[in-house]
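Asker: Below is a structure I'd like to ask you about.
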Amino acid sequence: MNKNKKKSIKLPKNQTLHQVKIAIVGHVDHGKSTLVGRLLHDTGSLPEGKFEAIKAMSERRGMPFEFAFVMDAFQAERDQAITIDAAHIWFKSTKRNYVIVDAPGHKEFIKNMISGSASCDVALLVIDGSEGLREQSRRHTYILNMLGISNVVVAVNKMDLVQYNQSEFDRVQKEVKEYFDNLGLKVISIVPIIAREGDNIVQKSKKMSWYVGPTVLESFDTLEILNDLENSPLRMPVQDIYHFDSRRIIAGKVTCGVLKSGDNVIFSPSNRKAQIKNIITWPEDFSKSRAKQGESVGITLKEQLFIERGELMSHISSPPLESNVFRSHLFWLAQKPLKVGEEYKLRINTFETSVKVQEIDRVIDTDDLSAGKEITEHLQVKRNDIAEVIFRSRSMLAIDEFSKNKHTGRFVLLNSNDIVAGGVISMKGYPDQRDLITEKGTNLYAVGHRVPVVTRVQRNGHYGGVVWLTGLSGAGKSSIALEAERLLFKKGYSVYLLDGDNVRSGLNSNLSFSPEDRAENIRRVGEVAALFADAGMVVITAFISPYRADRDRARGAMERINSEGPFHEVFVRASLEVCEERDPKGLYKRARAGEVSDFTGISAPYEEPEKPDLIVDTDDQSLEQSVDVLVQYILRKFQDFSEG
Amino acid sequence: MMDHLDSLESQSIYIIREAFNRIDKLALLWSLGKDSNVMVWLCRKAFFGNVPFPVCHVDTGKKFKEMYQFRDFYSKEWNLNLVTSMCPPVSEIDPSLPPAARSAARKTAGLKLLIEQEGYKGLFAGIRRDEESTRSKERYFSPRGGEGNWNFKDQPPEFWDQYKTDFPDDTHIRIHPLLHWSELDIWRYSEREGLPMISLYFANKGKRYRSLGDSDITHPIESNAQTVSEVIEELKTTRTAERSGRAMDHESEDAFERLRADGYM
């Protein structure tokens, strides 16, 4: 290529060219890294000295010049001649800037192939012309489709091994087209190449003059990349809430659509509505009244709402679906198989909850799509398998169908903190439950005081709500709560502590310590706490409250009395050993001796909170530190940040 | 279509905010170079003018004097919570390393000390994929074992803006918000945002530094670029690697890979 002919593309001032990101995939040994090395060399993108360095490396290993060494940077990869992790390489043609992601073809490294490819605009599938489509060529293509990458260029490599034969190429081409058609995937072009020699990569091959289509580079250069996300309905997952100053800023990335100040929005799944006040920028730009797809923004609302990370913001007129059950198409990455009945952590953008596997519909054989094998005899999904699975969650999810919205229609699963799967959502056969919940909400709003919540908030300078402490006997709940109450009161808070001492003697004096009466004890505390909270106070409760069901009921009481009243579950965590050592009331000793029955932690279970709002670890922390953690948390969550 | 620099910026801000939400004790590694200055700027954008965690300079004591001046001035100007920590002397470093790598490894050792002392769980580092081939395979959230080492053979999957942020207690996380930027992007962005730049990056008597490190193992390149836009023009056509002036990268085939596996940035 003649360097002098390179033209740079004129752009408006302050505007820089979008770069196209290409994922290179294919079966192991079909020549991906070699093709990339060649592409860099032929476009003049190799740094000075790299060519010579690779020549030396190849000679040291007694092999002919190896273009793949450009990419396989790691010692381990050079020695084993396979790519372990996806590498990113920048290059440019006369038309565009590109980033190539060279993904590993080996089956063992599929998680790296996905990590590398997921954010790409287009893909280049490399197939060995003498072998045709192989297991990983198919699997990679299938996954590309799931990742939403619908533009694929296919390079049929090693044409020298089939004597540059057109009929051999046609055979592979037919196979590829059939497979793509079945998936509903579009092929941009299918190009016969010889990566090692550079045929049809940047320059037309002289040995395959029968081929009249574009070269690999031309295929990419002429590709039109459309961004239709701006025209999709607005979606912005709430990433965080900041209050560095008097403003309460909601931070998040607009995943699609356009956001304007003054817009009426709804947060799902809580279904709270608000109006956008401002789009906040730094350094300040007061004219900013619009944010579009892809922007990480900060916004303020006209109403004071308790919005948390994970809520999905949309326009009221075009909200996401709400459901606690959905169907999915997923790839499984973990060693341990996915099974019916197992629970996993689900993440959709910033939202997180736990889901249970309700049903495995089928495990897909990527080699033989049309048959769509149903594997019902062993209900599990193994590592690197692709399957259709139905999930159910306890709480309501705000989702979209993947076919309608890529970003909010996909999820990952986590198991003990590891990402173990990625999947896309379909609602086939399941209804949108939004209307059901919305109706419920309306009824609740109908029961209203003449003193609106916001007025109480304004007078108190903070919100009312419940801070529910739970933990083993001796974990430090009462000590922490007493001190927190004192400090908050000093700061002008309307705050009150409910604990065994002040409810057992009066309100609950007719209750014993039987399991039934204990549950009733907690139920009443929950109800009273909710009323206090509705009156505008911050209520701290300090009870062991060992059962999730009881704590959930207390939360329910708060939600029923005031749907906006916050309920924070605080896990005061200490190991049983430490609690037993502390034993402030000598109860553990008596429980061990059998003098006290049904004692939590010894002879009765303690169900740890699944998702506490706050954990206060008292094992290694001083009482002062624990109190500080709690007080800071309450200040952060309950302070009224409205201006004025 | 979103403007290229806007899209890089937005992605970085997302990552910075994600780290801030999910990781308890954070700090930012400020090397004073062009990349980490962009990183500091992006943090200020992400948090509307605040940098809500300490900014650490792991000091070898052998930086250029211009770098120290820059640090002292801008840590005040930008209202940063600056933490500096001194690296151990070279005599305490693995003698089997080639000389320049051994010298650079002081920084790894200094970093380990800092993490030990301050108990940081997450460190922002301004590395980029296009700088060097092992960095090109990095993750945005990259775990480091108790010894600070990097297990590049088994990295957590990362896609759809989902990152693994929970690790056992002896692990810390390197967060790389600039991973997807190129050298040219950094310069264009610095120009657009009007960011300050250490004078060593500009030509003086026909030479300028393209990458800044310790004064004894960093070499200038031939150049006449005296302004940001001249540097941008120069970079558009250069075929020399950015880190060619950093001696420790080139002493042997895997010198830099060994440094990184041991915990270097």
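Residue numbers (my numbering), protein chains in the order written: chain L, 1 to 644; chain R, 1001 to 1265.
Where a beta carbon is used, it is the ideal one built from N, C-alpha and C, also for glycine.
In this text the structure is predicted, and so the values were computed from the model without any measurement.
Put Ser-323(L) into one of helix, strand or coil per three-state DSSP.
Answerer: strand
Asker: Tell me the DSSP bridge mates of Asp-344(L)?
Answerer: In the sequence as displayed, the identity of residue 344(L) is Tyr instead of Asp. DSSP, once it has assigned bridges, lists Val-355(L) as partnering Tyr-344(L).
Asker: Counting pairs of Cβ atoms below 8 angstroms between the region 1015 to 1030 of chain R and the region 1119 to 1135 of chain R, do you hit three or more?
Answerer: yes
Asker: Only counting the same chain, and skipping five residues up and downstream in sequence, which positions put a Cβ closer than 8 angstroms to that of Tyr-496(L)?
Answerer: Here the set comprises Glu-485, Phe-532, Met-537, Val-538, Val-539, Ile-540.
Asker: Step through the CB atoms of chain L and report whether any lies within less than 9 angstroms of the CB of Asn-1224(R).
Answerer: Taking Cβ atoms only, chain L never reaches closer than 9 angstroms to Asn-1224(R), which makes this a no.
Asker: Short check: CB of Gly-476(L) to CB of Ser-328(L), under 9 angstroms?
Answerer: No; because the gap between Cβ atoms is not below 9 angstroms, this pair is not in contact.
Asker: Excluding the 5 residues preceding and the 5 following Ile-1013(R) in the sequence, name in chain order all residues of the same chain whose CB lies nearer than 7 angstroms to its CB.
Answerer: Leu-1042, Lys-1045, Ala-1046
Asker: So, is Ser-137(L) buried or exposed, given that buried needs 16 or more other C-beta atoms within 10 angstroms?
Answerer: Flag for Ser-137(L) reads buried.
Asker: Consider the Cβ of Ala-81(L): report whether some Cβ of chain R lies at a distance smaller than 9 angstroms.
Answerer: Reliability fails at Ala-81(L), whose pLDDT of 46 lies under 50, so the model's placement of it is uncertain and no value is given.
Asker: Report the option in Leu-259(L), Ser-318(L), Val-154(L), Lys-637(L) whose CA atom is closest to the CA atom of Lys-174(L).
Answerer: Cα-wise, what sits closest to Lys-174(L) is Val-154(L).
Asker: Within the same chain, show all residues whose beta-carbon is closer than 6 angstroms to that of Ile-561(L), passing over the 5 residues directly before and after it, in chain order.
Answerer: Ala-530, Asp-534
Asker: Tell me, to the nearest whole angstrom, how far the beta carbon of Leu-397(L) is from that of Asn-324(L); I am working on the premise that it is less than 8 angstroms.
Answerer: About 6 angstroms separates the two Cβ atoms, so the contact holds.
Asker: Restricting to Cα atoms, I'd like to know which of Arg-548(L), Phe-489(L), Asn-510(L), Leu-482(L) is closest to Glu-624(L).
Answerer: Ranking the options by Cα distance to Glu-624(L), first place goes to Leu-482(L).
Asker: Give the range of the beta strand (DSSP E) segment to which Met-313(L) is assigned.
Answerer: 312 to 315
Asker: Kindly indicate if chain L contains any beta-carbon less than 9 angstroms away from that of Lys-1137(R).
Answerer: Output row for Lys-1137(R): interface = yes.
Asker: Give the straight-line distance between the Cα atoms of Lys-277(L) and Ser-296(L), rounded to the nearest whole angstrom.
Answerer: 17 angstroms
Asker: Only counting the same chain, and skipping five residues up and downstream in sequence, which positions put a Cβ closer than 7 angstroms to that of Ser-93(L)?
Answerer: Within the same chain, Ser-93(L) has close Cβ partners Thr-43, Leu-217, Asp-221.
Asker: Tell me, which residues are paired with His-462(L) by DSSP?
Answerer: According to DSSP, His-462(L) bridges with Gln-639(L).
Asker: Three or more C-beta pairs closer than 8 angstroms, one from the region 1031 to 1040 of chain R and one from the region 1208 to 1219 of chain R: is that the case here?
Answerer: yes
Asker: I'd like to check one pair, Arg-524(L) with Leu-507(L): are the Cβ atoms closer than 9 angstroms?
Answerer: Closer than 9 angstroms, so yes.
Asker: What residue range is occupied by the uninterrupted alpha helix (DSSP H) comprising Val-254(L)?
Answerer: No alpha helix (DSSP H) holds Val-254(L); DSSP gives it neither H nor E.
Asker: Tell me whether the region 1157 to 1168 of chain R and the region 107 to 120 of chain L touch, counting them as touching only if at least three CB pairs, one residue from each stretch, are closer than 8 angstroms.
Answerer: Touching, yes.
Asker: Could you work out which residues of chain R lie near Ile-280(L), taking near to mean beta carbons separated by less than 9 angstroms?
Answerer: Phe-1048
Asker: Determine the DSSP secondary structure at Lys-237(L), reduced to helix, strand or coil.
Answerer: Reading off the sequence shown, one finds Pro at residue 237(L), where the question assumed Lys. Looking at Pro-237(L) - three-state DSSP - the assignment turns out to be strand.
Asker: Would Leu-35(L) and Asn-145(L) qualify as a contact pair, given that the criterion is a beta-carbon distance under 9 angstroms?
Answerer: No, they are not a contact pair.
Asker: Determine, for Ile-1175(R), whether the minimum Cβ-Cβ distance to residues of chain L falls below 9 angstroms.
Answerer: no
Asker: Please classify Asp-128(L) as buried or exposed, where buried requires at least 16 neighbouring CB atoms within 10 angstroms.
Answerer: By the 10 Å Cβ count, Asp-128(L) comes out buried.
Asker: Mapping the DSSP letters down to three states, classify Arg-272(L) as helix, strand or coil.
Answerer: strand
Asker: Taking Ile-1015(R) and Pro-1143(R) to be in contact with their CB atoms under 8 angstroms, please state how far apart those CB atoms are, rounded to whole angstroms.
Answerer: That belief does not hold up - the Cβ atoms of Ile-1015(R) and Pro-1143(R) are roughly 15 angstroms apart, past 8 angstroms.
Asker: Under three-state DSSP, which class holds Ile-1221(R)?
Answerer: strand
Asker: Find out if the Cβ-Cβ distance for the pair Glu-569(L), Leu-498(L) is shorter than 9 angstroms.
Answerer: no
Asker: On the three-state DSSP scale, how would you describe Glu-77(L)?
Answerer: Low confidence applies to Glu-77(L): its pLDDT is 45, below 50, so where it sits in the model is not reliable enough to give any reading.
Asker: Consult DSSP for Pro-1143(R) and reduce its assignment to one of helix, strand or coil.
Answerer: strand
Asker: With a CB to CB cut of under 7 angstroms and the five nearest residues on each side skipped, what residues in its chain are close to Lys-177(L)?
Answerer: If we look at Lys-177(L) and ignore the five residues flanking it on each side, its Cβ neighbours are Val-187.
Asker: Within this structure, are the beta carbons of Arg-134(L) and His-27(L) separated by less than 9 angstroms?
Answerer: For Arg-134(L) and His-27(L), yes; Cβs fall inside 9 angstroms.
Asker: Within 9 angstroms of any Cβ in chain R, is that where the Cβ of His-18(L) sits?
Answerer: Contacts with chain R at 9 angstroms (Cβ-Cβ) include His-18(L).
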